[in-house]
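Here is the structure we will look at, set down as structure tokens.
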Amino acid sequence: MLILNKHQIKLPAIYQLLILTSLYAFLFGMLMEYRGLSRVIKGDIRLQSTLLVVTAVLMVFVFIPATSWIAWFSLDHPLYLEVLIIPETHMILAVLAGTLFVRSFTKESRAI
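Under the numbering used here, the residues of the sequence shown are numbered 231 to 342, in order.
Following this line, the structure appears as structure tokens:
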């Protein structure tokens, strides 16, 4: 149950579970960038606004449960929306969103 401004919003248990697993995958992606995360915690922030915008859009897609995508677009959906419904791909996108979120606050040179 989500409490927001003293109003109770009752989400079905499956929505809570899907949002929670997306959140865990997002946090795992953040922890994968532990060096950048430690820089952000220490206050060494160099914002990359374009990467932050891309990350914000990806986060919107990640934190909307797959069952909502099915309800909104029915089962006759194009291939690019099917990517958001497959659970494995949904988790990979959540991890990628967490990684990109940390990278959008740090600017480091990477050797190839």
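Each residue gets a CB set at the ideal place from its N, CA and C atoms; glycine is no exception.
From a predicted model like this one, the values you see are computed outputs, not experimental measurements.
Taking C-beta separations shorter than 8 Å and ignoring five residues to either side along the sequence, the partners of residue 266 in its chain run 332, 333, 335, 336 and 338, following chain order.
Around the beta carbon of residue 328, 16 or more other beta carbons sit within 10 angstroms, so the residue counts as buried. Under the criterion of beta carbons closer than 8 Å, residue 248 and residue 295 qualify as touching, at roughly 4 Å.
In its chain, beyond the 5 residues on either side, 267, 328, 329, 331 and 332 have a beta carbon closer than 8 Å to the beta carbon of residue 260.
Counting only runs of at least 4 residues, the stretch 276-336 fully encloses the following alpha helix (DSSP H) elements, listed from N- to C-terminal order: 279-293, 296-303, 309-315 and 317-333.
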